[in-house]
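Per mature numbering (1 follows the signal peptide of the UniProt record, and there is no 0): the sequence shown = residues -20 to -1, 1 to 361.
The structure appears below as structure tokens.
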Amino acid sequence: MNRKLVVIGMVSALSLSVLAGCSGTNDKEAMATVDPGANAVTVKVEDVKEGEVNEPIRLLAEVSANTSLGILPKVGGTLQEIFVKKGDAVKKGQVLARLDQKDYVLGVKAAEAQLGVARANLQSLNGDETAKRSLEIAQANYDRVKALYNSKAVSQSQLEQAEAQLLQAQSQFALAQANVRQAEVGLEKASSSLDDTNIRATVDGIITAVHFEVGESVSPQSPVFNLINIDPVLVKLNVAETHLSKFKQGMEVEVQTQTGPYKGKVTFISLEADAQSKMYPVEIEIPNGEGKLLPGMKADVFAKDAESKKGLLVSTDAIVEQDGKKFVYVIEGDKAVKREVTVAEGNTTKVIVQQGLNAGDKVVVKGQSNLKDGSTIKVEQ
């Protein structure tokens, strides 16, 4: 019986040993089938390729009037009539208001009277036979004495005396003629002042303000109206030094506003950067015959280089910035290696990399936030 128990015990022990061996084998097999990429970071990659960049950049801008000015009266006086109101469209030369003309009309009449007197005096002198005869005699005497002087028959003092007599005879006519010319100028000035009581628009535009009312006094120092011209309009923007080469005088650019797309022409590029912003002011002119573009509207300006830039292209999504430097993660086997790069030209989607990459490199464009140098990766298919 004891022998039977021993045999049974040996069999039991052998069974346990076999089971234990089987259990160890299964554990090893389980360990061998664990996914080695279970802790890998899933990323999306793209190939670095040769290419060119010339997509337009988008810059923020604002619509402005091409002209904004105050309309000043040329003479002072009391406003008698105002013919326009705020918001009216006006043409260059159009009368916007009129001053009281009474004093200026009197000035014209006085100038006309003075001219009449001056002309009458000249006419009287021309009709005076005695005066005319005196001038003829003085002229003949001077001519005779000068001939004698040239032949050394009379002295210089005799010549000077004859010349003085001639000048005296001529002066009556010269003075009368000068008085007529002076009176004519006086009438022109008085007439001009009378006309200047009409306050006119100096350019085509729209009235944006009326500063005085009928009955108030105005002077040439204070604008009566404000006026803007919005055909064409100016689109103004500030351009960074890195983008300034995209703008050339006279070039055509695309401008987008809420009222639609427009074609504009670059009319001004500042040669000097703003002292505060370090940006360069640029102006673009756009025809605005329908008046859809208004001052203050926001606009997007799209500009691109005349020639495309060529090089190794990488998506902007691949670029990681840290401590003022730019990096990408390059795939090497199943690892992501952090590599510093030098970036040149670019746009909103692609940049040209000057240093740090080679054609054919694979770079991470999605999932970088979970990576560090040397991380194990799994490429998203």
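Where is the CB? At the ideal position from N, CA and C, for every residue including glycine.
Residue i and residue j: beta carbons closer than 9 Å?
i           : j      : result
Gly50       : Asn206 : yes
Pro200      : Gly56  : yes
Gln145      : Tyr122 : yes
Val190      : Val331 : no
Arg38       : Val281 : yes
Ser48       : Thr188 : yes
Leu167      : Val85  : no
Asp176      : Lys54  : yes
Asp285      : Asn34  : yes
Val294      : Val21  : no
Arg180      : Val97  : no
residue 373 : Arg319 : Outside the modelled stretch of the chain, which goes from -20 to 361, sits residue 373, for which no answer is possible.
From residue i to residue j, what distance separates their C-alpha atoms?
i      : j      : result
Gly73  : Asn178 : 10 Å
Pro212 : Glu30  : 43 Å
Ile299 : Glu26  : 12 Å
Gln103 : Gly87  : 24 Å
Ala154 : Ala142 : 18 Å
Asn209 : Asn46  : 6 Å
Val321 : Leu273 : 44 Å
Ala118 : Gln150 : 9 Å
Leu79  : Ala91  : 20 Å
Lys289 : Glu32  : 5 Å
Lys228 : Thr328 : 22 Å
Lys243 : Lys71  : 26 Å
Buried or exposed: where does residue i fall if 16 or more other Cβ atoms within 10 Å of its Cβ makes it buried?
i      : result
Lys226 : buried
Gly4   : Here the model assigns Gly4 a pLDDT of 43, short of 50, so the residue's position is not dependable, and the following value carries that caveat. By the 10 Å Cβ count, Gly4 comes out exposed.
Thr222 : exposed
Asp341 : buried
Arg165 : The sequence given here has Val at residue 165, not Arg. Val165 comes out exposed.
Ser349 : exposed
Gly304 : exposed
Take residue i and list the residues in its own chain whose beta-carbon comes closer than 8 Å to its own, dropping the five residues that flank it on each side.
i      : result
Lys24  : Val344, Val345, Lys346, Gly347, Val359 and Glu360
Ser257 : Asn218
Met277 : Glu42, Val43, Thr237, Gln238 and Thr239
Cys2   : Confidence at Cys2 is low in this model, with a pLDDT of 42, below 50, so its placement is unreliable and the value that follows should be read with caution. Taken in chain order, the list of residues that qualify is empty.
Might you give, ordered along the chain, the residues of its own chain that have their beta carbon closer than 6 Å to the beta carbon of residue i, omitting 5 neighbours on each side?
i      : result
Arg99  : Val160
Thr247 : Glu263 and Glu265
Tyr260 : Val219, Leu224, Ser250 and Ala253
Leu52  : Pro200 and Pro203
Val317 : Val310
Ala324 : Ile332 and Gln334
Ala170 : Gly87, Val88 and Ala91
By Cβ distance below 7 Å, which residues in the same chain neighbour residue i in space, the five residues on each side in sequence not counted?
i      : result
Ala69  : Ile186
Ala279 : Ala41, Glu42, Val43, Val215, Val235, Gln236 and Thr237
- Inside the segment 77 to 147 only - alpha helix (DSSP H) runs reaching at least 4 residues: 82 to 107 and 109 to 130
| Within the segment 250 to 294, ranges of the beta strand (DSSP E) (whole runs, at least 3 residues) | 260 to 266 and 278 to 283
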